[in-house]
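Just so you know, the numbering used here puts 673 at position 123 of the sequence shown, and the rest follows in order with no gaps. Here a beta-carbon is modelled for each residue, glycine too, at the ideal position from N, C-alpha and C. The structure appears right after this line, and notes come after that.
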Amino acid sequence: MDNSKKYVDSFSKVWHKVLKFSYGNQVSEKFKELKQLSHIEISIISLIYNNPDIIIREICDEIDVPKSSMTSMIDRLEKKNYLIRVISKRDRRSFGLKLTEEGMKIQEQHEKYEEEIFNFIINSLDTEEEKETFIRLTDKIANNMKEFF
551 MDNSKKYVDS FSKVWHKVLK FSYGNQVSEK FKELKQLSHI EISIISLIYN NPDIIIREIC
611 DEIDVPKSSM TSMIDRLEKK NYLIRVISKR DRRSFGLKLT EEGMKIQEQH EKYEEEIFNF
671 IINSLDTEEE KETFIRLTDK IANNMKEFF
């Protein structure tokens, strides 16, 4: 077995272990409203929250989803009362999106979930050096992923 295969196999085992725990019941029960949303739907809600003047086309570009798929996801989120379509103040020919009170609650829950899980991950490391190295290496991986995808 060459070293590359050895590392891929090792990483696969570790990665699946992380996924198993990140989808565990304890976290899911604590943040059960998030379970009903896909990763992309949560991303849409976060983008709207962080960019109140964003228009639908910009969301499509940001998360690399075709407009037809985006329309379906927005319809679902609107049906669940998480957001509403509004005429954009920046571009009156385009629709923007605005979070409802329920959408704001979901975003707050998402932020709490991320804070807890990221805190746990970072605090699983022993030293400041390990934490800094982990962040640096994770950033390096994220920056290089565009070459794969």
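DSSP state of residue i mapped onto helix, strand, coil
| i | result |
| --- | --- |
| Lys630 | coil |
| Leu675 | coil |
| Ile604 | coil |
| Arg640 | coil |
| Leu587 | coil |
| Phe645 | strand |
Beta-carbon separation (whole angstroms), residue i vs residue j, contact threshold 8 angstroms
| i | j | result |
| --- | --- | --- |
| Glu652 | Asn631 | 5 angstroms |
| Ile598 | Leu647 | 5 angstroms |
Where residue i falls, given that 16 or more other Cβ within 10 Å makes a residue buried
| i | result |
| --- | --- |
| His660 | buried |
| Ile637 | exposed |
| Leu649 | buried |
| Ile624 | buried |
Do the region 669-683 and the region 610-619 make contact, defined as three or more Cβ pairs closer than 8 angstroms? no
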